[in-house]
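In what follows, a structure is listed as structure tokens, so that the remarks can point back to it.
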Amino acid sequence: MMLECRGITAGYNGSPVLEKIDISIGEGEIVTLVGANGAGKSTLVNAISGLLRPMSGEIHFDGKRIDQLSPADRVRMGIAHVPEGRQVFAGMTVAENLSLGAYTQSSRSVSDLRSGRMRELCDQYPFLRERINDVVGNFSGGQQQMLAIARGLMSNPRLIMLDEPSLGLSPLMVQEVLNLVTQLRERGLSVLLSEQNARAALAIADRGYVIENGRVTLSGKASDLLDSPEIAERYLGVGAATRFSQEESKRMAASLRDCIGPATDSPVPGVRMS
Ligand SMILES: Nc1ncnc2c1ncn2[C@@H]1O[C@H](COP(=O)(O)OP(=O)(O)OP(=O)(O)O)[C@@H](O)[C@H]1O
Ligand SMILES: [Mg+2]
0 MMLECRGITA GYNGSPVLEK IDISIGEGEI VTLVGANGAG KSTLVNAISG
50 LLRPMSGEIH FDGKRIDQLS PADRVRMGIA HVPEGRQVFA GMTVAENLSL
100 GAYTQSSRSV SDLRSGRMRE LCDQYPFLRE RINDVVGNFS GGQQQMLAIA
150 RGLMSNPRLI MLDEPSLGLS PLMVQEVLNL VTQLRERGLS VLLSEQNARA
200 ALAIADRGYV IENGRVTLSG KASDLLDSPE IAERYLGVGA ATRFSQEESK
250 RMAASLRDCI GPATDSPVPG VRMS
């Protein structure tokens, strides 16, 4: 398996939220974490990306133990995290937002790398090229989500973790975002998809884990989970109406900014609207 979490216990201020979680993600797999508001999905994603240090347990990526590494080191190894609430910077352009996604590239030719990767992404996703110099402030939620995913792709990851990408989007936009997620798998990436929207997530995933109160209560092939009566009863009838409180979103934005640092060399050279 590409990623393995073994017995992860993690939480805040000394009290655990997750209790001995075991999950794994294989090469080229979409694995979904489904669970209600507050179940612990984001806590697990944050533990994998390194924003949160687990209290115990081990995380292995490509056979190497990573749970003591910094978030930046984990990005360099190939793990990207697209956080809940998208966290794009409203006052900046698409290009500037994208350039933040390559913050771990520390070579002398950092801006060459960035603009090269940006051009690649613009070729793969024309919507980026069309809007490359636009300030993202009044983008729709769906456009911001696509941009947030593209920013995650800037570091050329092998595993991308998407935390609630469908949150607050119209059904049509949810579909577009999920199409993008399945394209990522076609390009060979592994995806960890954290979602309250269990039906949508299980519909495109290969495997899933159901998290309740910080524990994995069910897991298996996504198609089997979709058919299981427990899931139908608990998750498929209810809409995903809950959102992060403003306070929680602000806290996450602040911790993300801490880990990215301020933007330095922008605007990014070499990328122009076609
Ligand atoms: N920074 C924090 N400090 C203290 N408690 C937190 C913090 N972040 C989350 N929690 C608590 O940890 C528990 C799990 O939260 P988490 O955000 O991981 O759930 P989730 O499954 O991602 O929920 P949602 O679907 O709403 O995003 C909740 O009880 C939450 O209140
Ligand atoms: Mg969450």
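Using numbering that gives the first Met the number 0, the letters of the sequence shown correspond one by one to residues 0 to 273.
From the three backbone atoms N, C-alpha and C, an ideal C-beta is built for every residue, glycine too.
Whole-Å CB distance - residue i paired with residue j, under 8 Å assumed
i    : j    : result
I210 : G39  : 5 Å
F60  : L2   : 5 Å
I47  : I20  : Wrong, their Cβ atoms sit about 10 Å apart, outside the cutoff.
M153 : R116 : 6 Å
P53  : I7   : 5 Å
Beta-carbon proximity list for residue i, same chain, < 8 Å, skipping 5 on both sides
i    : result
V176 : G141, Q144, M145, I148, P164, S165, L168
S139 : M172
D133 : T92, V93
I58  : L2, E3, C4, R5, I7, A46, I47, R64, I65, D66
Nearest-angstrom Cα separation, counted from residue j out to residue i
i    : j    : result
M172 : L161 : 15 Å
D205 : R184 : 10 Å
N155 : G10  : 29 Å
R242 : N196 : Because the pLDDT at R242 is just 42, under 50, the model does not fix this residue reliably, and the point stays unresolved.
D226 : R233 : 12 Å
G56  : A202 : 30 Å
V30  : E95  : 30 Å
G214 : E18  : In the sequence as displayed, the identity of residue 214 is Arg instead of Gly. Going by the C-alpha atoms only, they are around 6 Å apart.
L68  : A35  : 29 Å
H80  : P228 : 32 Å
E119 : D223 : 37 Å
E194 : V44  : 11 Å
L179 : K220 : 21 Å
G13  : L51  : 12 Å
A200 : P125 : 25 Å
I131 : V33  : 33 Å
R186 : E129 : 22 Å
R198 : C121 : 30 Å
G84  : N212 : 21 Å
Contacting residues, own chain, Cβ-Cβ under 6 Å from residue i (five flanking each side not counted)
i    : result
I22  : C4, Y208
L217 : V209
R150 : N96, L97, G100
F88  : N96
M0   : S23, G25
For residue i, the nearest candidate out of the options (CA to CA)
i    : options                : result
G274 : L188, R198, K220, A197 : With the chain covering only 0 through 273, there is no way to say anything about residue 274.
L192 : L217, L158, G219       : L158
L127 : I29, G136, L97, A101   : L97
Q123 : P170, Q182, V33        : Q182
P15  : T42, M0, L32, V33      : T42
G62  : G84, V33, I24          : I24
Opposing strand residues paired with residue i [DSSP bridges]
i    : result
V209 : V33, L217
V79  : Sequence inspection shows Ala at residue 79; the Val mentioned does not correspond to that position. DSSP output for A79 lists I159 as bridge partner(s).
E194 : V33
F138 : In DSSP, F138 forms no bridge with anything.
G10  : P15
Other residues of its chain near residue i: CB distance less than 7 Å, five sequence neighbours each side excluded
i    : result
G90  : V134, G136
G49  : L68, S69, P70, R73
S265 : Unreliable placement is indicated for S265, whose pLDDT of 33 sits below 50; the coordinate value is still reported in the next sentence. Excluding residues within five positions, the ones whose Cβ falls inside 7 Å are E95, S98.
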